[in-house]
Amino acid sequence: MQKKCLIGIPDRESQKKLWKIMKLTIALLIGFMMTVTAANTYSQKTRLDVNLSNTSIKDLFQFIEKNSEFVFLYRSDDFNTAKKVDIDFKDASINQILDEALKDEKVVYDVYERQIVIRKSIEPVVSDQQPQKKEISGTVKDAKGLALPGVSVIVKGTETGTVTDVEGKFRLTVSAEAKMLTFSFVGMKAQEIAIAAKSNLSIVMLEETVGLEEVVAVGYGKSSRKNLTSAVTSVKAEELNRGPISDVGQLLQGKVAGLNITSNGDPNQNAAVILRGASTLNSSQGPFYVIDGIPGADISIIAPDDIATIEILKDAGATAIYGNRAANGIIIITTKRGKEGPIKVTYNGYVGTENVSSQLKMMDASQLRAFLTKNSLAFTPADDKGANTNWQKQVERGTAMAQNHNLTLSGGNDKGTSFNASLNYLSKDGILLNS
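Numbered according to the working numbering, the sequence shown spans residues 663 to 1097.
Laid out in structure tokens, this is it:
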């Protein structure tokens, strides 16, 4: 019985078929390699001329697609395709053009053959080895338990810091390496407090006796008065005007250079106070009032007898503290405080009169008639009833009465508690009738 051998040299017909398959395979491999090579070198060999001004990124992509074989693939949500750019290149590669157009966008791009894929860049992961930060908060008060606004809180050895608000509170983010906070305030002893593991601090600042080196507020810092070139004027209670005065403005009349105070005679209206003239930053020409550290307080609530000192800040440096509200200058008022000791009762009052110091010189009726006759003029019978009335005297009081009574109770104990309460009664007739 004959058997066919399955192992051995293939016959001639099989050899021809195998050879054809090998040649076809080699041809396909060469063609594929040439295609890949051509595709990889297209982006490198292609040079473009682009001169577009104030055009959107989307329009730039359309221009490139129209003048080349490139095709862009992207999501419009990944970056601002409507952003305007200026592109001016000659004989530039696609990478140069895209680097310039997308330099401010948080995206990356890849060139695959003739396709350009743009995608949002991935934010780097923050390493656990980077320094951590923590938040420190707290309250700053004086020895009497009153909140201290405007206290400077600085991380020692750095420029990182903040200031306390009107309630004496602060909040500050510091690095894990921060060890010490410094607290400073005008008239108070500076303090350094270790942070350690604390996240909430309660600070009590003590008064500092300044003496001859008296310090005054200058922006957010302090300076001795003898070295201060800023326009600051201090007026103490004993230096204020005395008499039938109903508001704070009249207390300062004639006491401060450049301070213009005008009273219209109406006892129900405060005197007009102009410190720096008209301002374009603030519709009001009046200064900004700060009463016992409270900015923007109503000046009409203060009785003249309750004032201890008044500070007037006239120059532009005052705006460093309160911004454009201080465009017309600042008047800082400090009221009287109670002191340690027995309860003290103080009464201060006055009764006075006011008269018109001078009147406008006007013609009387006979002088006016003579003037008209001299100039060939005359009143009609309907206009001249034969009267001779001095209208200035008719609308004015001969004598206006004014009286003020102020009763004050003050005191304090050795535990830091003090009080000062006052009752003020004011009655003042205006020069004009019915005021």
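Idealized CB from N, CA, C, for every residue including glycine. Computed from a prediction, not measured in an experiment: that's the story for all the values here.
Discussion item. Could you compute how far the alpha carbon of Ala1027 sits from the alpha carbon of Gln1021?
Written reply: 17 Å
Worksheet item: Helix, strand or coil for Met684 per DSSP?
Response: Three-state DSSP puts Met684 in a helix.
Worksheet item: Taking all protein chains shown into account, do 16 or more other C-beta atoms lie within 10 angstroms of the C-beta of Pro1066, making it buried, or fewer, making it exposed?
Response: It should be pointed out that residue 1066 corresponds to Asn in this sequence rather than to Pro. It is buried - the Cβ of Asn1066 has at least 16 other Cβ atoms within 10 Å.
Worksheet item: From Leu1085 to Thr835, what does the alpha carbon distance come to, in whole angstroms?
Response: 46 Å
Fill in: Buried versus exposed call for Ile756 [16 or more other C-beta atoms within 10 Å across all chains shown]
buried
Worksheet item: Thinking C-beta only, is Leu714 closer than 8 Å to Asn729?
Response: no
Worksheet entry | Which of helix, strand or coil DSSP assigns to Ser1038 | coil
Discussion item. Threshold first: 3 residues or longer. Then list the beta strand (DSSP E) segments lying entirely within the region 982-1032, N to C.
Written reply: Residue ranges of uninterrupted beta strand (DSSP E) with 3 or more members, entirely inside the region 982-1032 and ordered along the chain, are 992-997, 1003-1016.
Item to complete: Could you tell me whether the region 1047-1060 touches the region 991-1003, where touching means 3 or more Cβ pairs closer than 8 Å?
Response: no
Worksheet entry | Contacting residues, own chain, Cβ-Cβ under 6 Å from Gln853 (five flanking each side not counted) | Phe845
Worksheet item: So, Glu1016 versus Ile1093, is the Cβ gap smaller than 8 Å?
Response: yes
Worksheet item: Taking the beta strand (DSSP E) that Gly1073 falls in, what are its first and last residues?
Response: Unbroken beta strand (DSSP E) run through Gly1073: 1062-1074.
Practice prompt. Under 8 Å by Cβ, that's how I've got Met867 and Met850 pegged, so tell me the actual separation to the nearest angstrom.
Written response: 4 Å
Practice prompt. Answer with buried or exposed for Ile683, where buried requires no fewer than 16 other C-beta atoms within 10 angstroms of its C-beta.
Written response: exposed
Item to complete: Apply the 10 Å Cβ neighbour rule to Asn990 and answer buried if 16 or more other Cβ atoms are within range, or exposed otherwise.
Response: buried
Worksheet entry | Enclosing beta strand (DSSP E) for Gly823 [first to last residue] | 823-825
Item to complete: Flag this pair as yes or no: are the beta carbons of Gly800 and Phe832 separated by less than 8 Å?
Response: yes
Discussion item. Am I right that Val712 and Phe725 are in contact with their C-beta atoms under 8 Å? What's the rounded C-beta distance?
Written reply: 7 Å
Item to complete: Taking Thr822 as the reference, give the member of Ala934, Ile953, Asn1010, Glu797 with the closest Cα.
Response: Glu797
Worksheet item: Beta carbon of Val910, beta carbon of Ile961: below 8 Å?
Response: Yes, they are a contact pair.
Item to complete: State the Cα-Cα distance for the pair Ala1064 and Thr924, rounded to the nearest angstrom.
Response: 19 Å
Fill in: Three-state secondary structure (DSSP) of Pro966
helix
Discussion item. DSSP has Gln750 in a bridge; who is on the other side?
Written reply: Per the sequence presented here, residue 750 reads as Asp, with Gln not at that position. Paired residue(s): Asn713.
Discussion item. Let me check understanding here. Comparing Cα to Cα, which of Ala1044, Phe732, Asp1076, Leu913 lies closest to Tyr774?
Written reply: With distances taken between CA atoms, Tyr774 lies nearest to Phe732 out of Ala1044, Phe732, Asp1076, Leu913.
Worksheet item: In three-state terms, what does DSSP make of Ser886?
Response: Because the pLDDT at Ser886 is just 47, under 50, the model does not fix this residue reliably, and the value given afterwards should be weighed accordingly. In the structure shown, Ser886 sits in a strand (DSSP, three-state: E or B).
Item to complete: Would you kindly report the start and end of the unbroken beta strand (DSSP E) that includes Lys796?
Response: 795-804
Worksheet entry | Residue span of the alpha helix (DSSP H) that contains Ala763, given as start and end | 756-763
Item to complete: Could you check if Asn814 is buried or exposed, using at least 16 other CB atoms within 10 Å of its CB as the buried criterion?
Response: With the sequence shown as reference, residue 814 is identified as Ser, and Asn is not the correct amino acid for it. Ser814 should be labelled buried.
Worksheet entry | Nonlocal neighbours in the same chain, by C-beta distance under 7 Å from Val769, ignoring five residues either side | Once the five neighbours on either side are set aside, the close Cβ partners of Val769 are Asp740, Phe741, Ile780, Arg781, Lys782, Ser783.
Item to complete: Tell me Ile956's beta-bridge partners as DSSP assigns them.
Response: Ile953
Item to complete: Run the CB neighbour count on Thr826, radius 10 Å, all protein chains shown included, and call it buried at 16 or more, exposed below.
Response: buried
Worksheet item: Which residues share a DSSP beta bridge with Lys831?
Response: Thr801
Worksheet item: Among Thr895, Asp753, Pro1004, which has the Cα closest to the Cα of Gly920?
Response: Comparing Cα positions, the closest option is Thr895.
Worksheet item: What's the C-alpha gap between Ile963 and Gly1003?
Response: The straight-line gap separating the alpha-carbon atoms of Ile963 and Gly1003 is approximately 27 Å.
Discussion item. For a test of the three-state rule: what should DSSP assign to Ile865, helix, strand or coil?
Written reply: strand
Fill in: Own chain partners of Ile969 with C-beta closer than 8 Å, once the 5 adjacent residues on each side are dropped
Within the same chain, and ignoring the five residues on either side of Ile969 in sequence, the residues whose Cβ sits closer than 8 Å to its Cβ are Ala899, Leu902, Val910, Leu913, Ile995, Thr996, Thr997, Lys998.
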